[in-house]
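Have a look at the structure below, then the notes.
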């Protein structure tokens with residue numbers, strides 16, 4: 002179900018729109034995603050976190066939270082408890098961001114365009130970016146949503162690279178479901194006359210993903226939490242703070258616009 006849901010999410014991606022929006026920030030997005038994943042790996046090793054947990058938390062922080070974790074989990078063969086802990090970390094920070102980001106945006110005097118970019122680059126899930134940006138204003142919502150969509154598209158190449166690396170390490174299977182995600186996005190882009198069909202499939206995939214992640218999260222017992230401790234949350238917070246502060250400083254200094 003997890004793999005099928007990720008394939009279905011491709012029906013919500015329009016390559017033409019993403020390329021138009023993302024061409025000006027392609028280098029920035031690539032650098033920020035790479036830096037976040039590398040930093041997450043280094044911090045995760047320092048905290049002595051299991052490889053899968055640090056990969057999922059880092060990937061979720063770098064791209065788009067729960068959806069990115071859902072896409073990466075089958076590739077690295079993550080256990081249910083590893084997925085659940087990573088999701089709990091990301092979703093907790095999402096909830097905090099919904100309240101904290103608009104307040105900090107006003108405190109630092111960000112205009113709506115700046116806030117939309119900050120939200121898109123520093124908040125994990127698209128839904129939380131939409132919520133925080135909408136609370137800030139219509140322009141912030143527009144900028145935040147389109148910038149986040151551009152970022153979310155990096156799920157495909159990052160997951161494919163991880164799959165190839167995993168295959169070379171363990172001779173595991175190639176993540177063909179990511180090719181399905183790309184194919185679904187192509188179909189949605191070049192057959193717009195059937196957008197009502199693709200829209201329905203996207204909504205179905207989104208609901209299935211939510212249900213699947215909920216079932217995985219339901220397995221997060223007190224015993225599991227006691228075993229893993231606070232280290233995954235600590236990694237998530239450290240990454241989130243570094244990304245949020247860095248992007249905010251770039252915006253305030255005029256180096257990012």
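Numbering (this note's numbering), first residue to last: 2 to 258. Ideal placement from N, C-alpha and C gives every residue a C-beta, glycine not left out.
Alpha carbon to alpha carbon, how far is residue i from residue j?
{"i": "residue 162", "j": "residue 151", "result": "18 Å"}
{"i": "residue 246", "j": "residue 113", "result": "18 Å"}
{"i": "residue 172", "j": "residue 100", "result": "Residue placement at residue 172 cannot be trusted, given a pLDDT of 48 that sits under 50; what the coordinates show is reported in the next sentence. Cα-Cα distance, rounded: 44 Å."}
{"i": "residue 155", "j": "residue 110", "result": "30 Å"}
{"i": "residue 38", "j": "residue 13", "result": "25 Å"}
{"i": "residue 67", "j": "residue 204", "result": "16 Å"}
{"i": "residue 192", "j": "residue 201", "result": "14 Å"}
{"i": "residue 159", "j": "residue 233", "result": "21 Å"}
{"i": "residue 239", "j": "residue 36", "result": "14 Å"}
{"i": "residue 187", "j": "residue 64", "result": "20 Å"}
{"i": "residue 253", "j": "residue 102", "result": "15 Å"}
{"i": "residue 248", "j": "residue 50", "result": "26 Å"}
{"i": "residue 181", "j": "residue 74", "result": "16 Å"}
{"i": "residue 136", "j": "residue 59", "result": "27 Å"}
{"i": "residue 95", "j": "residue 61", "result": "11 Å"}
{"i": "residue 241", "j": "residue 197", "result": "37 Å"}
{"i": "residue 143", "j": "residue 71", "result": "26 Å"}
{"i": "residue 5", "j": "residue 209", "result": "9 Å"}
{"i": "residue 199", "j": "residue 88", "result": "27 Å"}
{"i": "residue 195", "j": "residue 183", "result": "17 Å"}
{"i": "residue 43", "j": "residue 255", "result": "29 Å"}
{"i": "residue 98", "j": "residue 48", "result": "24 Å"}
{"i": "residue 45", "j": "residue 231", "result": "12 Å"}
Could you tell me whether any non-hydrogen atom of the ligand HEM is closer than 7 Å to the CB of residue i?
{"i": "residue 160", "result": "Among the ligands in the structure shown, none appear at all, so the ligand HEM cannot be discussed."}
Locate the alpha helix (DSSP H) running through residue i, then write down its first and last residues.
{"i": "residue 257", "result": "Residue 257 -> no alpha helix (DSSP H), and no H or E assigned at all."}
{"i": "residue 84", "result": "81-108"}
{"i": "residue 145", "result": "139-153"}
{"i": "residue 59", "result": "52-63"}
{"i": "residue 77", "result": "66-77"}
{"i": "residue 125", "result": "Element bounds for residue 125: n/a, residue is neither H nor E."}
Rounded to whole angstroms, how far is the Cβ of residue i from the Cβ of residue j, which I believe are closer than 8 Å?
{"i": "residue 120", "j": "residue 133", "result": "5 Å"}
{"i": "residue 32", "j": "residue 123", "result": "At roughly 15 Å, the Cβ-Cβ gap does not stay under 8 Å, so residue 32 and residue 123 are not in contact."}
{"i": "residue 130", "j": "residue 146", "result": "7 Å"}
{"i": "residue 185", "j": "residue 9", "result": "7 Å"}
Alpha carbons only, please: which of the options is nearest the one belonging to residue i?
{"i": "residue 235", "options": "5, 30 and 41", "result": "41"}
{"i": "residue 128", "options": "198, 50, 207 and 63", "result": "207"}
{"i": "residue 138", "options": "126, 256, 5 and 116", "result": "116"}
{"i": "residue 237", "options": "75, 90 and 74", "result": "90"}
{"i": "residue 258", "options": "5, 9 and 29", "result": "29"}
{"i": "residue 92", "options": "148, 136, 125 and 141", "result": "125"}
{"i": "residue 86", "options": "164, 131, 54 and 242", "result": "54"}
{"i": "residue 166", "options": "94, 131, 43 and 77", "result": "77"}
{"i": "residue 261", "options": "57, 251, 44 and 69", "result": "In this structure the chain extends from 2 to 258, so residue 261 is not present and cannot be described."}
{"i": "residue 34", "options": "88, 157 and 52", "result": "157"}
{"i": "residue 251", "options": "118, 5, 88 and 189", "result": "118"}
{"i": "residue 164", "options": "47, 56 and 46", "result": "56"}
Stretch pair the stretch 80-93 + the stretch 105-120: three plus CB contacts closer than 8 Å: no
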